[in-house]
Amino acid sequence: MPLNRSFGALLRTRKLFRHSPSRLLVVPLDHSVADGPIASAAGLGRLVGELADNDVDAVVLHKGTLRHLDPEPFTRTSLIVHLSASTMHAPDPDAKYLVTDVENALRLGADAVSVHVNVGSASEARQLGDLAVVADACDRWNVPLLAMMYPRGPGIADSRDAALVLHVATLAADLGADLVKVPCPRSTADLADVVGGCPVPLIVAGGENTASDEELLDRVADMLDAGVTGLAMGRNIFQAPEPGKRARDVASLVHAERHTYPGSDLRLTAAKS
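Note that the sequence shown ends on residue 273 in the working numbering; no numbers are left out.
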């Protein structure tokens, strides 16, 4: 995070990076709005507890879900409140809408907020406007902003094209995001180029569901070796036979010192006046 952010923003960012000063494992659990329930209310509570117990840095949830969860696990993992929503049943599922705001997320105890933008969609202009408004609110309230940026829409032939992924990443940074989540390009070299071109910490989506632990962990290691700050891994963790074990295995790689690369320090110390 840039040194010109406030004490409050720096403090909240440090809370996100609770297991490593420069590496982040996020588990998105916001899929229930778009795709339907991922667990019962009781099951989701157990899942969040398992993730917190196995070194997941943060989980992403929608506002209403929090009413049904015990706050206790959030003493061990951070809360990112997701502000965007759409469903797979909509005429245009790529049209994301804001369903809450930064102030409400803070009232709920959020450590950060996230916004989803589909660049190339029919509603791109409105979604970019929403991102800019949220970024201004995050700056006003000193809240870290994770922008989930996807090349997705009628004119997008390949959502993993490296040039497109770099464009959406830098676009988010230009509009005020503190962290950016993007799809992973098709090669480690392409991913390294995206990391090198993005001025803010970059995390990559965990990708398609992978049954093999070995295959998944090899893929995670390749991403980390390309220099990413971390991963946002949902289905590959919460749909695993043992989500806690899968989370711990991935977290052990994400937080390992051997993946530290030159320039990875997030510079989370406030600048002296």
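Each residue gets a CB set at the ideal place from its N, CA and C atoms; glycine is no exception.
Out of Cys198, Arg248, Ala251, Pro37, the CA that lies nearest to the CA of Met88 is found in Pro37. Around Asn209, the same chain offers Arg235, Asn236, Gln239 as residues with beta carbons nearer than 7 angstroms, after the five sequence neighbours per side are excluded. Residue environment: Arg12 is assigned as buried (16 or more neighbouring CB atoms within 10 Å of its CB, all protein chains considered).
When DSSP states are grouped into helix, strand and coil, Met233 belongs to the coil group. The Cβ atoms of Gly230 and Leu69 do not sit closer than 7 angstroms to each other. The three-state secondary structure of Met88, taken from DSSP, is coil. Exposure of Thr75 is indicated by the presence of fewer than 16 other C-beta atoms within 10 angstroms of its C-beta.
The beta carbon of Gly155 sits closer than 7 angstroms to the beta carbons of Gly120 from its chain, once the five residues preceding and following it are set aside; these are given in chain order.
With respect to the 7 angstroms criterion, Asp190 and Ala162 are classified as neighbours on the basis of their beta carbons. For Ala205, the enclosing beta strand (DSSP E) covers residues 202-205. For the 7 angstroms CB-CB criterion, Asp136 and His82 do not form a contact. Taking a cut-off of 8 angstroms on C-beta distances, the segment 115-133 touches the segment 163-176, as three or more cross pairs fall below it.
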